[in-house]
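See structure below.
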Amino acid sequence: MTKDLKGRHFISTQEWSDDEIELLLSTSADLKKKFAAGEPHRLLPDKTLFMMFYEQSTRTRNSFEAGMTQLGGHAHDLTPEKLQVSHGETAEDTARVLSRFGHGISIRNCDWGKGNRFLRSVAGMSTVPVINMQCDLYHPCQAVADLMTIREKFPDGIRGRRMVVSWTYAPSYVRPISVPQSEILLMTRFGLDVTLVHPPEFKLLPEFIAQAKTNAAATGTKFEMMDDMDAAFEGAHIVYPKSWGCLVHEPDREAAVQHIEKYPGWVCNEERMALTDPGSIYMHPLPASRGSEVTDAVIDGPHSVVWDEAENRLHTAKGLMALTM
Ligand code: CP
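Residues 869 to 1193 (our numbering) make up the sequence shown, in order.
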């Protein structure tokens, strides 16, 4: 039974039921159709979303801001420097004030060991929904857009199809682990067999691995781990190769970069795509490091669905705001 989602926080997909995720996906698909048809869908007239970005963003920032405009409301584009949090005002006090002014708060804060805690501190005191636009642990908005995309690309059903979430090389850039962690949690719940592949230094947090195994056991899907990218790609239906940092990356960023530099061969290229199922799709949350994570021939090639995937960030952001705000 799906409960009314008005006022609900969205910090991880794991905290929403299957029915609630399904409602989010069907609402997003409906809004996508309306957007394509040019039908007005001003479901949030005069409402305000406060977007707080601790890091840069192209897709998340613009999907939420454009989405809020299309829904008839307005989004404030905030950074810590524009707020008194930069002078030490607490997350809780900020939440109390913004809750009195508007109808939703969304936050990106990937600071290792702090981002998710900051979000939960805001959510604990906020009387309006708090949406996680990516933290150090989760990127739930990316994961739901990815599930929507996968379902669109395999309209005959996704149960039994195999998705590979793979580490890739990206020089000198230590990215969060929140995307792969969110992918393995959500996809094991919704019918995909998931293979996680990475060099030994690039493990995800053990509690997320345990949860992915629990999700797979509960839904009858498979979850496996490997350290051989070629073996993982053999026969895969969906490949999701992206770079992430290793767990030593805070406080020792230099050590993390040294580990990354050991694996320049972990690239998604045409040779590797040839190992996959002929109808396979290539996905990436973007931004992609062309030439190191993926070759131009793959990201611009016939398997790539990255632009549809990026577009679905808009429709799912709108679905999320329409339901919770
Ligand atoms: N995928 C994603 O979250 O992109 P941005 O960092 O540009 O928001």
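Just so you know, even glycine gets a beta-carbon here, dropped at the ideal spot from N, CA and C.
Just confirm the distance between the C-beta atoms of T1036 and K1110, as a whole number of angstroms; I'd bet it's less than 8 Å. 6 Å
Just mark H1183 as buried or exposed, buried being the case when its beta carbon has 16 or more other beta carbons within 10 Å. buried
Beta-carbon gap between T1105 and S1148 smaller than 8 Å: Contrary to the premise, residue 1105 reads as His rather than Thr in this sequence. Contact: yes.
Run the proximity test for R927: is its beta-carbon closer than 7 Å to any non-hydrogen atom belonging to the ligand CP? yes
Integer-rounded CB distance, given that S1046 should sit under 8 Å from D1014: Going by Cβ atoms, the distance from D1014 to S1046 rounds to 13 Å, so no, they are not a contact pair.
Given V1173, which residues of its chain have a CB within under 8 Å of its CB, disregarding the five upstream and five downstream residues? T1017, K1021, I1149, Y1150, M1151
Check whether the Cβ of L946 lies closer than 8 Å to any Cβ atom in chain C. No chain C is part of this structure, which consists of one protein chain only.
Cβ atoms of E923 and C978: under 8 Å apart, would you say? yes
To the nearest angstrom, report how far apart M869 and A905 are at their CA atoms. Here the model assigns M869 a pLDDT of 46, short of 50, so the residue's position is not dependable and the matter cannot be decided.
Under three-state DSSP, which class holds P908? coil
Hey, how far is the Cα of G1169 from the Cα of K1130? 28 Å
Does DSSP put Q1002 in a helix, a strand or coil? strand
Apart from the five residues just before and just after P913, which ones in its own chain have a Cβ nearer than 6 Å to its Cβ? G940
Give the secondary structure of K1110 by DSSP, where H, G and I count as helix, E and B as strand, and everything else as coil. strand
For F1063, which residues does DSSP report across the bridge? Before going further, note that residue 1063 is Thr rather than Phe in the sequence given. Paired residue(s): V1032, E1092.
When you compare each of P1132, L899, T1082 to S1040 by their alpha carbons, which one comes out closest? P1132
Are the CB atoms of E1069 and H1127 nearer to each other than 8 Å? yes
Would you report the Cα separation of M1189 and V1033, rounded to the nearest angstrom? 28 Å
Let me know if H1177 comes out buried or exposed under the rule of 16 or more other beta-carbons within 10 Å of its beta-carbon. Per the sequence shown, the amino acid found at residue 1177 is Glu instead of His. So E1177 ends up on the buried side.
Beta-carbon spacing of S974, F932 below 8 Å: yes
Drop a sphere of 10 angstroms on the beta-carbon of D1061, count the other beta-carbons inside from all chains shown, and report buried for 16 or more, exposed for fewer. buried
Who does Y1150 pair with in a DSSP beta bridge? V1107, S1172
Could you check where the alpha helix (DSSP H) with R876 kicks off and where it finishes? Careful: R876 lies outside any alpha helix (DSSP H) and carries neither H nor E.
Candidates A1142, D961, A1038, L1053: which alpha carbon is nearest P1155's? A1038
Under 8 Å by Cβ, that's how I've got L891 and M919 pegged, so tell me the actual separation to the nearest angstrom. About 23 Å; that fails the 8 Å criterion.
Of the residues I999, L1053, F1058, which one's Cα is nearest the Cα of I1026? F1058
Ranges of the beta strand (DSSP E) found wholly within the region 919-978, counting only runs of at least 3: 942-946, 972-977
Would you mind stating whether R988 and I879 have Cβ atoms separated by less than 8 Å? yes
Check this for me: beta carbons of G983 and L917, under 8 Å apart or not? no
Is it a yes or a no for the region 990-1003 touching the region 950-966, going by three-plus beta-carbon pairs under 8 Å? yes
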